[in-house]
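What follows is a set of notes on a single structure, which appears directly below.
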Amino acid sequence: MHTVIDDIITPAGWVPWDARWGLDTLYYAEFENTGPGSNTQGRVTWPGIKHITPQEAEQFTPVKFYAEGDSWIKDANVPYTAGMS
Numbered sequence: 001m002h003t004v005i006d007d008i009i010t011p012a013g014w015v016p017w018d019a020r021w022g023l024d025t026l027y028y029a030e031f032e033n034t035g036p037g038s039n040t041q042g043r044v045t046w047p048g049i050k051h052i053t054p055q056e057a058e059q060f061t062p063v064k065f066y067a068e069g070d071s072w073i074k075d076a077n078v079p080y081t082a083g084m085s
């Protein structure tokens, strides 16, 4: 989410490690990435590959995703944006 992806990433975006293990149960979402490797036109079409909406992406921010919210990030003095803005 909101990541600059360089051209080192293959257009498929993903390579299976061990035949088909996990391909039907994985969840991999992309949201508003930029850069030469961010084009999703050639991405794999496994069931778990998702292109999510802003509302769905918001659920993966630290405040929403982690039970303790973002306090642990603030305590570490790591610069980050709490939401999707």
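With full-length UniProt numbering, the residue at position 85 of the sequence shown is 85, and numbering never jumps.
Glycine included, each C-beta is placed from N, C-alpha and C at the ideal position.
This one's a predicted model, so the numbers in the text were calculated from it and none came from an experiment.
Quiz prompt | Inter-residue spacing [alpha-carbon to alpha-carbon] between A67 and Q59 | solution = 12 Å
Quiz item: Looking at the structure shown, is V15 part of a helix, part of a strand, or coil, going by DSSP?
Solution: Coil.
Self-check item: Every unbroken alpha helix (DSSP H) inside the UniProt domain "Pectinesterase catalytic" (1-66) [4 residues or more]
Solution: 54-58 and 62-65
Self-check item: Euclidean distance between Cα positions of A57 and G69
Solution: 15 Å
Practice problem: Would you tell me roughly how many angstroms separate the C-alpha atoms of I8 and M1, rounded to the nearest one? | Solution: 18 Å
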